[in-house]
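In numbering that gives the first Met the number 0, the protein residues as written are 0 to 262.
See structure below.
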Amino acid sequence: MRIGAHVDPTDPLAEAAARDAEAVQFFLSDPQGWKAPKDREDAERLRAADLDLFVHAPYVINVATRNNRIRIPSRKLLLGHATAAAAIGAKGLIVHGGHVNAGDDVAVGFDNWRKTFAYAAESGGFPLPVLIENTAGGDNACARRLDALARLWDALGDYEVGFCLDTCHAHAGGEELLGLVDRVKAITGRIDLIHANNSKGAFNSGQDRHDNLDGGTIDPELLVAAIRAAGAPVIVETPGGVEGQAADIAFLRRQLGAGASAA
């Protein structure tokens with residue numbers, strides 16, 4: 000089980016060293032913009048590094064919506080980021096589950112996800128695992144609660160899809176952490192990555208506000224138990240910059256102990 004952090008994309012290797020991280024996650028373009036990612040000059044160094052690399056897709060991507068002006072560019076941008084992420088040796092591309100607008104049938108969102116993978120298949124498929132991440136808020140979300148996640152996975156049954164479990168999002172989204180890993184795996188069959196975050200928001204608040212692992216409204220013991228049960232690489236997306244994230248990484252290593260090595 001390799002543990003790391005979400006870092007600034009300018010020099011991910013230096014950011015990893017500063018945190019004593021074994022894994023890093025970063026953006027390849029503005030997370031709030033629609034620009035396609037550019038080739039990275041450090042691509043060869045990134046591919047050669049002894050790190051687990053993960054890329055997070057821009058937040059603006061929403062392939063579930065019925066809004067053509069968002070859905071169609073989202074499909075193209077997701078495929079472009081997958082290609083760019085594969086070029087630097089990333090192990091997965093994380094993308095939020097998305098949502099439909101108020102008043103729309105969420106079933107349309109699940110089918111739009113299926114169409115997204117069909118669209119990618121027309122050009123040979125995604126070149127690395129796409130990891131759909133559970134989200135914290137929204138009554139029309141495709142991956143907030145497990146009943147919706149099950150419908151999403153049913154819609155994507157013809158394709159290989161990965162999953163990223165965010166502990167803050169689960170708690171704020173109304174899913175109890177106790178036993179959550181088993182419930183998720185019963186649906187997805189896998190957890191490819193853990194976003195290990197405590198939550199500033201209360202249970203079922205719908206608030207996507209991350210906190211450091213030994214703070215927030217989630218019992219740190221529950222966090223550690225979920226991470227141990229998942230047995231997947233871990234990325235902290237917690238506040239405090241290098242110091243805060245390094246402390247969270249060290250906290251996890253102490254708490255997981257031999258359990259991390261056994262995983």
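Think of the CB as a built atom: it goes at the ideal place given N, C-alpha and C, for glycine as much as any other residue.
Range covered by the beta strand (DSSP E) that runs through residue i
{"i": "L164", "result": "G161 to D165"}
{"i": "F25", "result": "A22 to F25"}
{"i": "I2", "result": "I2 to H5"}
{"i": "A195", "result": "L192 to A195"}
{"i": "V59", "result": "Where V59 is concerned, there is no enclosing beta strand (DSSP E), given that its DSSP letter is neither H nor E."}
Residue i classed as buried or exposed, judged by whether at least 16 other C-beta atoms fall within 10 angstroms
{"i": "Q244", "result": "buried"}
{"i": "E175", "result": "exposed"}
{"i": "N66", "result": "exposed"}
{"i": "A298", "result": "The question about residue 298 has no answer here: the residues shown for the chain are numbered 0 through 262."}
{"i": "A140", "result": "buried"}
{"i": "A261", "result": "Note on A261: pLDDT 31, under 50, position unreliable in the model; the coordinate value appears next. A261 comes out exposed."}
{"i": "A81", "result": "buried"}
{"i": "S122", "result": "exposed"}
{"i": "L303", "result": "This structure cannot speak to residue 303, because the chain is shown only from 0 to 262."}
{"i": "E263", "result": "Limits of the chain in this structure are 0 at one end and 262 at the other, which puts residue 263 out of reach."}
Rounded C-alpha distance that separates residue i from residue j
{"i": "G161", "j": "P128", "result": "6 Å"}
{"i": "L221", "j": "A16", "result": "28 Å"}
{"i": "A26", "j": "A56", "result": "One point to set straight first is that residue 26 is Phe, not Ala, in the sequence displayed. Taking the straight line joining both Cα atoms gives about 7 Å."}
{"i": "D157", "j": "G32", "result": "30 Å"}
{"i": "Q24", "j": "V233", "result": "10 Å"}
{"i": "A117", "j": "A89", "result": "22 Å"}
{"i": "G188", "j": "H168", "result": "20 Å"}
{"i": "I87", "j": "A42", "result": "5 Å"}
{"i": "N196", "j": "E236", "result": "6 Å"}
{"i": "A101", "j": "A20", "result": "41 Å"}
{"i": "A229", "j": "I193", "result": "8 Å"}
{"i": "G173", "j": "N133", "result": "11 Å"}
{"i": "A259", "j": "R252", "result": "For A259, the predicted model reports a pLDDT of 39, less than 50, meaning its position is unreliable; a value from the coordinates is still stated below. One C-alpha to the other measures close to 7 Å."}
{"i": "D10", "j": "D38", "result": "14 Å"}
{"i": "P8", "j": "P30", "result": "11 Å"}
{"i": "M0", "j": "L12", "result": "19 Å"}
{"i": "G239", "j": "F250", "result": "14 Å"}
{"i": "D103", "j": "R74", "result": "20 Å"}
{"i": "D110", "j": "L76", "result": "18 Å"}
{"i": "V59", "j": "H5", "result": "18 Å"}
{"i": "K199", "j": "A171", "result": "9 Å"}
{"i": "P72", "j": "I217", "result": "36 Å"}
{"i": "L130", "j": "F202", "result": "24 Å"}
{"i": "L78", "j": "R68", "result": "16 Å"}
{"i": "D210", "j": "P219", "result": "11 Å"}
{"i": "D247", "j": "A83", "result": "29 Å"}
Residue i, enclosing alpha helix (DSSP H) - first and last residue
{"i": "I186", "result": "L179 to T187"}
{"i": "A224", "result": "P219 to A229"}
{"i": "V241", "result": "G240 to L255"}
CB-CB length for residue i against residue j, believed under 8 Å
{"i": "A147", "j": "V105", "result": "7 Å"}
{"i": "A22", "j": "L50", "result": "6 Å"}
{"i": "F125", "j": "I93", "result": "The pair is not a contact, with the Cβ atoms about 13 Å apart (cut-off 8 Å)."}
{"i": "G3", "j": "N61", "result": "Actually they are not in contact, since the Cβ atoms of G3 and N61 sit about 27 Å apart, beyond 8 Å."}
{"i": "G256", "j": "D207", "result": "That pair is no contact at about 30 Å."}
{"i": "R182", "j": "L145", "result": "6 Å"}
{"i": "A149", "j": "V99", "result": "No, A149 and V99 are not in contact; Cβ-Cβ is about 17 Å, not under 8 Å."}
Residue i Cβ short of 7 Å to the ligand MN heavy atom set
{"i": "T187", "result": "With respect to the ligand MN, the structure shown offers nothing to examine, as it has no ligands at all."}
Those runs of the beta strand (DSSP E) which lie wholly inside the segment 105-177 and span at least 3 residues: 129-132 and 161-165
In chain order, which beta strand (DSSP E) runs of at least 3 residues are fully inside the segment 76-103? 91-95
May I have a chain-ordered list of the alpha helix (DSSP H) segments no shorter than 4 residues that lie completely inside the segment 15-56? 42-47
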